[in-house]
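What follows is a short report on a single structure.
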Amino acid sequence: MEDQSRLMSGHMGPTGQSRENVCDPGGIRTHRDLGQTQRDIGEILQKIMAITDESLEEAQARKHALNCHRLKPALFGVLCEVKERTALNMGDIKDETPPDPQVMRLDNMLIAEGVAGPEKSGASAVAAVTAAAFAAAAAAGGTPDDEDAEQADYREKLAQIRQIYHTELDKYEQACREFTSHVINLLREQSRSRPISSKEIDRMVEIIQRKFSSILTQLKQSTCEAVMILRARFLDARRKRRNFSKQAVEILNEYFYSHLANPYPSETTKEELAKKCSITVAQVGNWFGNKRIRYKKNIAKYQDEASVYFMKAAEDSASVSSQDSQLNSPVTPNSGW
Numbered sequence: 001m002e003d004q005s006r007l008m009s010g011h012m013g014p015t016g017q018s019r020e021n022v023c024d025p026g027g028i029r030t031h032r033d034l035g036q037t038q039r040d041i042g043e044i045l046q047k048i049m050a051i052t053d054e055s056l057e058e059a060q061a062r063k064h065a066l067n068c069h070r071l072k073p074a075l076f077g078v079l080c081e082v083k084e085r086t087a088l089n090m091g092d093i094k095d096e097t098p099p100d101p102q103v104m105r106l107d108n109m110l111i112a113e114g115v116a117g118p119e120k121s122g123a124s125a126v127a128a129v130t131a132a133a134f135a136a137a138a139a140a141g142g143t144p145d146d147e148d149a150e151q152a153d154y155r156e157k158l159a160q161i162r163q164i165y166h167t168e169l170d171k172y173e174q175a176c177r178e179f180t181s182h183v184i185n186l187l188r189e190q191s192r193s194r195p196i197s198s199k200e201i202d203r204m205v206e207i208i209q210r211k212f213s214s215i216l217t218q219l220k221q222s223t224c225e226a227v228m229i230l231r232a233r234f235l236d237a238r239r240k241r242r243n244f245s246k247q248a249v250e251i252l253n254e255y256f257y258s259h260l261a262n263p264y265p266s267e268t269t270k271e272e273l274a275k276k277c278s279i280t281v282a283q284v285g286n287w288f289g290n291k292r293i294r295y296k297k298n299i300a301k302y303q304d305e306a307s308v309y310f311m312k313a314a315e316d317s318a319s320v321s322s323q324d325s326q327l328n329s330p331v332t333p334n335s336g337w
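If you want it as structure tokens, here you go:
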């Protein structure tokens with residue numbers, strides 16, 4: 001019994017605690033082990049963070065060492081087991097996102113305006129849309145010269161918008177292809193070290209395309225806004241502008257072509273023309289200014305119109321001369337008198 005008591009006293013301290021607890025008051029060894037574990041984790045994290053600072057040659061050497069390591073198959077098997085226990089079943093995920101109504105409206109508008117379509121140049125589409133738009137805007141009447149000039153300007157601006165849209169669209173598609181290809185190659189390379197299925201790669205491609213789709217939506221939105229601003233400038237303002245009557249246009253054209261050598265009416269003449277046409281003096285001045293510009297830009301086009309007014313003026317002059325000659329000629333006595 002004495003030997004047994006001596007043996008027990010060898011394992012127990014004076015307070016009845018085990019010798020291990022007596023030698024480690026306050027759990028110092030436990031804290032030391034925990035601190036060592038934290039330091040090990042910190043070193044691992046530092047090594048992971050340092051990978052980004054490695055050169056390409058060092059990264060390739062590290063990857064080659066991992067691929068050639070004798071325990072790599074065992075590591076890959078463990079990762080597969082962990083993934084089977086924790087990962088989601090990709091076959092059960094059905095992510096069918098319905099089409100965005102806003103994007104559908106933007107697409108319909110771009111097609112209707114001739115901006116989006118199968119043709120890269122889009123010349124025929126832009127011309128058709130421009131003609132239809134101005135035909136609707138010209139329902140209240142107007143001069144053909146104004147319509148031709150405005151259509152040409154509108155068509156040019158719309159073609160510029162279409163060109164910018166397709167240029168940015170090509171850049172978007174190229175960037176999306178390059179980034180998607182880079183991610184696919186990266187995942188295929190990583191699949192040699194960790195389990196990555198083809199379904200997971202396809203899902204990642206879908207996620208990338210959804211992220212890029214917001215950029216495409218913004219491009220379509222800005223293009224539609226540019227088209228709306230263009231329509232407001234050319235069509236809506238044209239509807240609000242008062243159109244001259246056919247009689248007023250005839251009077252102004254007659255004066256213009258009868259004074260073609262100097263088509264600059266005086267203020268008095270402008271007032272007279274304004275009274276005849278039932279318009280303001282400012283409108284008369286603006287009409288002559290625009291007419292001079294259009295005539296100088298395309299003289300050959302207006303030669304036929306000028307000839308018509310020259311012939312009309314000659315006929316009017318001949319008619320007046322004939323009436324004057326009849327009034328001034330002596331009366332021939334009748335034979336019956």
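Number 108 in full-length UniProt numbering belongs to position 108 of the sequence shown; there are no gaps in the numbering. The C-beta atom is built at its ideal place from N, Cα and C for all residues, glycine as well. Model, not experiment: these values are computed from the prediction.
- Nearest Cα to N253 within the set A226, D304 and R233: D304.
- The shortest C-alpha to C-alpha distance from A306 to any of E43, F256, K276 and T180 is the one to F256.
- Contact between L56 and T223 fails: their C-beta atoms lie close to 41 Å from each other, not under 8 Å.
- Relative to I201, the option among K211, R188 and I41 whose CA is nearest is R188.
- Check the Cα spacing between T268 and each of A261, L216 and T280: the tightest is with T280.
- By alpha-carbon distance to Q174, the top candidate from T97, T86, F212 and A59 is F212.
- Going by DSSP, P195 is part of no alpha helix (DSSP H) at all; its letter is neither H nor E.
- A residue is called buried when at least 16 other Cβ atoms come within 10 angstroms of its Cβ; C277 meets this threshold and is buried.
- Minimum Cα-Cα distance from M104 among the listed residues E54, L216 and K291 corresponds to L216.
- Within the same chain, Cβ atoms closer than 7 Å to the Cβ of L79 are found at R194 and P195, the five residues on either side in sequence being excluded.
- Going by beta carbons, F234 and Y154 fall inside the 8 Å limit.
- Exposure of L75 is indicated by the presence of fewer than 16 other C-beta atoms within 10 angstroms of its C-beta.
- Rounded to whole angstroms, the Cβ separation of L169 and L219 is 7 Å, and the two are in contact under 8 Å.
- The C-alpha of V227 lies about 20 Å from the C-alpha of Y172.
- With fewer than 16 other CB atoms across the displayed protein chains lying within 10 angstroms of its CB, G289 is exposed.
- With a cutoff of 8 Å on beta-carbon distance, L158 and G114 are scored as near each other.
- Sixteen is the threshold: when 16 or more other Cβ atoms of the shown chains lie within 10 Å of the Cβ of R162, as they do, the residue is buried.
- Per the C-alpha coordinates, the member of S191, Q160 and I208 positioned closest to S181 is I208.
- For F288, the enclosing alpha helix (DSSP H) covers residues V281 to K297.
- If you draw a straight line from the Cα of R294 to the Cα of P101, it comes to about 45 Å.
- Scanning its chain for C-beta atoms nearer than 7 Å, with the 5 sequence neighbours on each side dropped, one finds around Q221 the residues L106, in chain order.
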